[in-house]
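In my numbering, the protein residues as written are 9 to 127. See below for the structure under consideration.
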């Protein structure tokens with residue numbers, strides 16, 4: 009069985025974060041699931057604009073760690089729109105063997121701690 013591609017893993021992370029945003033009452037204005045196209049979600053909540061960057065993170069890396077310089081760049085862009093900026097890292101690992109790449113048939117473990125606001 010072929011391992012999931014970087015785009016497949018990104019799409020999986022997007023679905024996880026999208027469901028979380030939906031459950032928290034965010035209204036989707038734009039969704040971009042292409043790799044390296046940022047932000048992935050532009051949302052409204054309480055009449056306020058939110059930019060959300062989603063990253064799929066492979067085990068053993070920590071999904072809560074993010075590229076500070078990159079996120080500052082996104083934050084500067086968001087400020088032009090009076091938007092708040094968030095990072096959503098989603099850790100994904102093969103349930104049977106954390107070091108084995110995921111395939112379409114594998115059960116997977118999720119390590120997602122929600123949105124991290126970039127202030």
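Glycine included, every Cβ here is placed at the ideal spot set by N, Cα and C.
In this structure, residue 98 keeps its C-beta atom at 7 Å or more from the C-beta atom of residue 66.
Residue 104 counts as exposed, since fewer than 16 other C-beta atoms from the protein chains shown sit within 10 angstroms of its C-beta. Boundaries of the alpha helix (DSSP H) around residue 17: 14-31. Residue 35 is bridged by DSSP to 52.
Membership of residue 86 in the alpha helix (DSSP H) is indicated by the continuous run 76-87.
Excluding five sequence positions before and after residue 56, the CB atoms of its chain that fall closer than 7 Å to its own CB belong to 92, given in chain order. Here residue 102 carries a strand assignment [DSSP, helix/strand/coil].
Residue 51 is a Cβ neighbour of residue 34, given a cutoff of 7 Å. Assignment of residue 95 by DSSP, reduced to helix, strand and coil, places it in the strand class. Judged by DSSP secondary structure, residue 116 falls within the beta strand (DSSP E) whose first and last residues are 116-120.
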